[in-house]
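Numbering (UniProt numbering), first residue to last: 1 to 458.
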């Protein structure tokens, strides 16, 4: 740009001794990039406009979009910030920001490409799984999966308005369970949907539900290890464990030693290991309530459920992906035009990691990250940190520390929870006690000062 402008200026104005400078009056902003010209400070020479950016090659007529504009939209699709939030950050830093309309147009085009790329990527993963099944001698279409859904609005926002989930957007992810990677193989996105009812739980009831779920899972894992993979023995022993759990929560440990795998009776009851319930927790159940509790336990330890979950699969990966989707589609923002693209961008991040995903998506929209550049190095570092952190979370030491911290927090909350019963004069008593303590302190200080003064005088 500068060399060519110098030659043009010298050719057109050979006698001019002026200097070339940026022509701020003729510059043109295109999103995050600029087209600029140079002019002479002595004569009327003005160079042609130069593009200070790389373009994305398209087949459509009109100006080619800048690679930076598309790359920025790839990054925005994987965070909870929208175009307006980014504009505010740039303007706060005294940086000229693109127009809202221009950023939205770029987002529309980029998110369409992201959706196409991620759908094709998930199709390739399904093809690989079929190949694995074929090599193992299994039917190609028989793929073990898990699934879970998420919504853009919280349950409580529909109180008194609708008996269904008051959501306008929904994502349902399907995760394969055939490999250790547990990749997402399909994503279903729906807009303006009505779903499940809102469930309200009190604090202790909610804790009991969490503890019961953990208890059933602990019994399942311990029984599986104890039976050494013999499924018939495993199923027979767990049929007696259901009775032990019901009695155990009523502080009746008469059959815990014989039929429970995690409760050792009065000497070492399960309630002492619980991170959700206080040690004094006890249920007084009627026969009808015991029957209801048995139904709840059988949802996890019943014969049919054991048959379905004998491979030990769960939906944890799907729930993890839903949290990643919530990062790209936060409940505070409704991306009505870019909903599908941002959801697919989140799935790509879940499958390939933060670094590899950004580089792959930038390449797919025509704005590749330059190999060996600082940006490429930083993305590789992010990918490495992500993978190391993922491996660390699988360590037994990490899981043990996490359980201990959770138990300490629940104990602290139980000890210091707010008083929900007010008595007449409660605040006056507190204020009276405070005033009495202050008066006693002042009186003590005065007496000590008087004794010290008498000694000095005497």
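No residue lacks a Cβ here, since even glycine has one placed at the ideal position from N, Cα and C.
Option in the options with minimal Cα separation from residue i
i           : options               : result
residue 291 : 247, 21, 315 and 219  : 247
residue 358 : 13, 72 and 61         : 72
residue 133 : 178, 171, 310 and 212 : 178
residue 191 : 404, 279, 50 and 170  : 170
residue 127 : 24, 176 and 352       : 176
residue 174 : 27, 270 and 150       : 150
residue 122 : 345, 388 and 355      : 345
residue 12  : 35, 33, 25 and 39     : 39
residue 313 : 369, 180 and 119      : 180
residue 261 : 216, 89, 84 and 97    : 216
residue 360 : 394, 117, 384 and 333 : 117
residue 120 : 384, 348, 376 and 356 : 348
residue 263 : 214, 364, 303 and 37  : 214
residue 236 : 4, 218 and 303        : 303
residue 102 : 70, 309 and 265       : 70
Local Cβ density within 10 Å of residue i, reported as buried at 16 or more and exposed below that
i           : result
residue 338 : buried
residue 317 : buried
residue 182 : buried
residue 343 : buried
residue 2   : exposed
residue 86  : buried
residue 459 : This structure gives no information on residue 459, because the portion of the chain shown stretches from 1 to 458.
residue 276 : buried
residue 10  : exposed
residue 136 : exposed
residue 420 : Below a pLDDT of 50, predicted positions are generally treated as unreliable, and residue 420, at 46, falls in that range; the measurement from the model is reported next regardless. It counts as exposed.
residue 373 : exposed
residue 6   : exposed
residue 267 : exposed
residue 259 : buried
residue 245 : buried
residue 113 : buried
Rounded C-alpha distance that separates residue i from residue j
i           : j           : result
residue 406 : residue 325 : 25 Å
residue 19  : residue 42  : 7 Å
residue 320 : residue 129 : 21 Å
residue 76  : residue 31  : 14 Å
residue 274 : residue 402 : 13 Å
residue 282 : residue 409 : 21 Å
residue 382 : residue 362 : 16 Å
residue 227 : residue 288 : 32 Å
residue 208 : residue 241 : 18 Å
residue 55  : residue 15  : 37 Å
residue 109 : residue 91  : 24 Å
residue 35  : residue 142 : 55 Å
residue 296 : residue 396 : 29 Å
residue 212 : residue 392 : 27 Å
residue 388 : residue 243 : 43 Å
residue 53  : residue 45  : 24 Å
residue 197 : residue 168 : Here the model assigns residue 197 a pLDDT of 37, short of 50, so the residue's position is not dependable, and the following value carries that caveat. Using only the alpha carbons, I get a separation of about 15 Å.
residue 238 : residue 188 : 36 Å
residue 280 : residue 271 : 8 Å
residue 99  : residue 411 : 51 Å
residue 64  : residue 50  : 14 Å
residue 400 : residue 386 : 21 Å
residue 139 : residue 84  : 49 Å
residue 225 : residue 333 : 46 Å
residue 82  : residue 25  : 31 Å
residue 384 : residue 29  : 36 Å
residue 194 : residue 229 : At residue 194, the pLDDT of 39 sits below 50, so the modelled position is not reliable and the matter cannot be decided from this model.
residue 398 : residue 315 : 21 Å
residue 355 : residue 62  : 32 Å
residue 390 : residue 74  : 23 Å
For residue j and residue i, believed in contact at Cβ under 8 Å, the rounded distance
i           : j           : result
residue 111 : residue 331 : Actually they are not in contact, since the Cβ atoms of residue 111 and residue 331 sit about 19 Å apart, beyond 8 Å.
residue 220 : residue 293 : Contact doesn't hold; Cβ gap of about 17 Å is too wide.
residue 107 : residue 366 : Rounded, the Cβ-Cβ distance is 15 Å, inconsistent with contact.
residue 231 : residue 223 : Not really, about 11 Å apart at Cβ, beyond 8 Å.
residue 253 : residue 269 : 6 Å
residue 205 : residue 145 : Residue 205 to residue 145, Cβ: 32 Å. No contact.
residue 307 : residue 299 : No, residue 307 and residue 299 are not in contact; Cβ-Cβ is about 13 Å, not under 8 Å.
residue 21  : residue 47  : Not quite, the Cβ-Cβ distance comes to about 11 Å (not below 8 Å), so this is no contact.
residue 328 : residue 104 : That pair is no contact at about 16 Å.
residue 250 : residue 285 : 6 Å
residue 148 : residue 322 : 6 Å
residue 115 : residue 341 : 5 Å
Residues bridged to residue i (per DSSP)
i           : result
residue 170 : 151 and 190
residue 176 : 145
residue 184 : 175
residue 22  : 38
residue 290 : Answer by DSSP bridge pairing: none, since residue 290 is not bridged.
residue 46  : 39
residue 28  : 35
residue 55  : 66
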